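Quick note on this note's numbering: the sequence shown kicks off at 1392 and runs consecutively. C-beta atoms are modelled at their ideal positions from N, C-alpha and C, and glycine is treated no differently. In this text the structure is predicted, and so the values were computed from the model without any measurement. To start, the structure itself, in structure tokens.
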Amino acid sequence: MQNIDNYDFTGKKAIVRVDFNVPLDENFAITDDTRIRAAIPTLKKVLSGGGALIIMSHLGRPKGVSEKYSLKHLVPCIEKYLGTPVQFAGDCQKADQQAAALKPGQVLLLENLRFYAEEEGKPRGEFASDEEKNAAKAALKESQKAFTAKLASYADCYINDAFGTAHRAHASTALIAKYFPNDKMFGYLMEGEIKALDRVLGSPERPLTVILGGSKVSSKIGILEHLVDVADNMIIGGAMTFTFQKALGGEIGNSLFEEDFVDTARRILDKAKAKGTAIYLSTEVVATQKFDNDAPSRIFHAGEIEAGWAGMDVAPECVEEWKKVILSSKTLLWNGPMGVFEMPNFAKGTEAIAEIVAEATSKGAYSLVGGGDSVAAINKLGFADKVSYVSTGGGAMLEYLEGIELPGIKAIRE
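Structure representation (structure tokens):
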């Protein structure tokens, strides 16, 4: 397998799949350029190695061509970080001349890949029957091959640096790699993500503590079931904790929980007991009678919440208990908020966990943080450089943690 550090880019054109799915405001200004900054080392490596650069990415979930989701809005930011002009190709499928004319050191950005149904391979629009839909799928499969071949024709080598889409078998992630059997590789970001995850899942220094939050057990069943075999301790916060409290026969008032997954929670608790994995649920929670940042709050035991009240955040008393577990750990994995993080009054538990994870890291623990709200908490507090690794891949990270082989990774390793 090729490696970005030993590959000779001299005189070659590299097509690089990045994840520049960044948030834009109503004036198309980027409000958080973390993902762009994260890919810069890979892009600069190609340029400093004597190569030309073709960058491709998706942005948002457009259902066709849309000014709102055009990658042209990202050009000034990319130019700023690369320190060189960036050309723009307004049509991914008609960039032949621009790509052919690229000289070493030059950069071309392709338009949003998801303007084309071929990227994801999913037919768009309404269908009168299953027959019509299947015919559209078959036709799209053929045009997807042509779309992928066209992208591949622009370059001499392929780099996948988009961990955030590694779990998708899309044209620009899994399919294009086949056109570069001896000239495909991971970018630094992908390499870093894989190494960080493998360090936690493969041979972690123990104790390994997994901190999981968020609202739904349903979205994290695979992780819970896989990691209960791997972890020494599991801290389960957020609204997920109430499904587990329900499984233990607790009273949770109006707190959010998933009725259909109470048995699943019970099974995970039983599995943890059999494996000797310690599970820590939210024991004390901050609850309100209204889903409102300014609603008056009370603290309840998580299994003794009165009717009409709903848990909104983990309470400080419980965080203090968790702190002992986290600070005695050698490896930490954190994914998901501990409360209603989007409301400032109920973000305190999540922010406290960020501080404790940073403290544990300063004392020698290896910490991997991933998932939108966890990363947001780390960034908000300025702790991104105080944890060992911040993952950029949401869904991809979750699937990797479930033990699933990701198509974007498999395509490079094959």
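### Task
Hey, could you find the ends of the alpha helix (DSSP H) Arg1408 is sitting in?
Careful: Arg1408 lies outside any alpha helix (DSSP H), inside the beta strand (DSSP E) at Lys1404 to Arg1408.
#### Entry: Residue range of the unbroken alpha helix (DSSP H) whose run includes Val1498
Where Val1498 is concerned, there is no enclosing alpha helix (DSSP H), although the beta strand (DSSP E) it sits in stretches over Val1498 to Leu1501.
### Distance between Ser1765 and Pro1735 (C-alpha atoms, nearest Å)
14 angstroms
### Simplified DSSP state of Trp1725, which is helix, strand or coil
strand
### Task
Helix, strand or coil for Glu1509, going by three-state DSSP, please let me know.
helix
### Query
Can you tell me whether DSSP reads Lys1494 as helix, strand or coil?
coil
### Query
In whole angstroms, what separates the C-alpha of Gly1629 from that of Phe1648?
10 angstroms
### Query
Since Ile1602 is in the beta strand (DSSP E), which residue starts that stretch and which ends it?
Leu1599 to Leu1603
### Message
If contacts are defined as beta-carbon pairs under 8 angstroms, then Thr1433 and Leu1672 qualify, I think. What distance do you get, rounded to the angstrom?
### Response
That belief does not hold up - the Cβ atoms of Thr1433 and Leu1672 are roughly 41 angstroms apart, past 8 angstroms.
### Message
Once the 5 residues before and after Lys1403 are set aside, which same chain residues still bring their CB inside 7 angstroms of it?
### Response
Gly1442, Asp1547 and Cys1548
### Cut-off 7 angstroms between Cβ atoms - residues of its own chain near Thr1655, not counting five sequence neighbours on either side
Val1608 and Ile1612
### Query
Going by beta carbon distance, what residues of the same chain come within less than 8 angstroms of Ala1663, once the five residues before and after it are set aside?
Val1619, Met1625, Ala1669 and Ile1670
### Task
Could you have a look at Ile1431 and say whether DSSP puts it in helix, strand or coil?
helix
### Query
Do you know how far the Cα of Glu1517 is from the Cα of Tyr1780?
43 angstroms
### Message
Taking 9 angstroms as the threshold (C-beta atoms), are Phe1419 and Ile1469 in contact?
### Response
no
### Query
Thinking just about the alpha-carbon of each residue, which of Ala1698, Arg1559, Glu1582 and Gly1762 is nearest to the one in Glu1796?
Arg1559
### Task
Drop a sphere of 10 angstroms on the beta-carbon of Asp1704, count the other beta-carbons inside from all chains shown, and report buried for 16 or more, exposed for fewer.
buried
### Query
Whose C-beta lies closer than 6 angstroms to the C-beta of Gly1496 among residues of the same chain, with five residues either side of it excluded?
Leu1438
### Message
Pairs of beta-carbons, one from the region 1754-1762 and one from the region 1522-1539, closer than 8 angstroms: are there three or more?
### Response
no
### Task
Provide the residue(s) that pair with Tyr1549 in DSSP beta bridges, ordered along the chain.
Ile1406 and Lys1575
### Task
Provide the residue span of the alpha helix (DSSP H) that contains Asp1521, from first to last.
Asp1521 to Ser1544
### Beta carbon of Trp1700 nearer than 9 angstroms to that of Ala1665
no
### Query
Looking only at DSSP bridge pairs, what is Asn1624 linked to?
Thr1600 and Ala1669
### Task
On a CA-only basis, which of Glu1790, Leu1444 and Ala1745 is nearest Ala1768? Give me that one, please.
Ala1745
### Message
So the candidates are Ile1421, Lys1459, Asn1397 and Ala1743; which of them puts its Cα closest to the Cα of Ile1602?
### Response
Ala1743
#### Entry: Nearest candidate by alpha-carbon position, reference Pro1453, set Ala1508, Gly1555 and His1617
Ala1508
### Query
Any chance the region 1455-1464 sits against the region 1497-1506, with 3 or more Cβ pairs inside 8 angstroms?
yes
### Message
Can you tell me where the beta strand (DSSP E) holding Ala1678 begins and where it ends?
### Response
Glu1675 to Thr1679
### Task
Taking Phe1538 as the reference, give the member of Ser1594, Ala1486, Lys1575 and Ala1526 with the closest Cα.
Ala1486
### Pair within 9 angstroms by beta-carbon distance, Tyr1398 and Ala1557
no
### Task
Would you mind giving the Cβ-Cβ distance between Thr1634 and Ser1720, rounded to the nearest angstrom? I have them listed as a contact below 8 angstroms.
About 24 angstroms; that fails the 8 angstroms criterion.
### Task
Taking all protein chains shown into account, decide if Val1456 is buried (16 or more other Cβ within 10 angstroms of its Cβ) or exposed.
exposed
### is_contact[Leu1473, chain C] using C-beta, thresh 9 angstroms
Looking for chain C here will not work: only one protein chain is present.
### Query
To the nearest angstrom, how far is it from the Cα of Lys1459 to the Cα of Leu1566?
27 angstroms
### Straight-line Cα distance separating Arg1590 from Tyr1472
30 angstroms
### Task
My understanding is that Ile1395 touches Ile1550, with C-beta atoms under 8 angstroms, so please give their C-beta distance in whole angstroms.
7 angstroms
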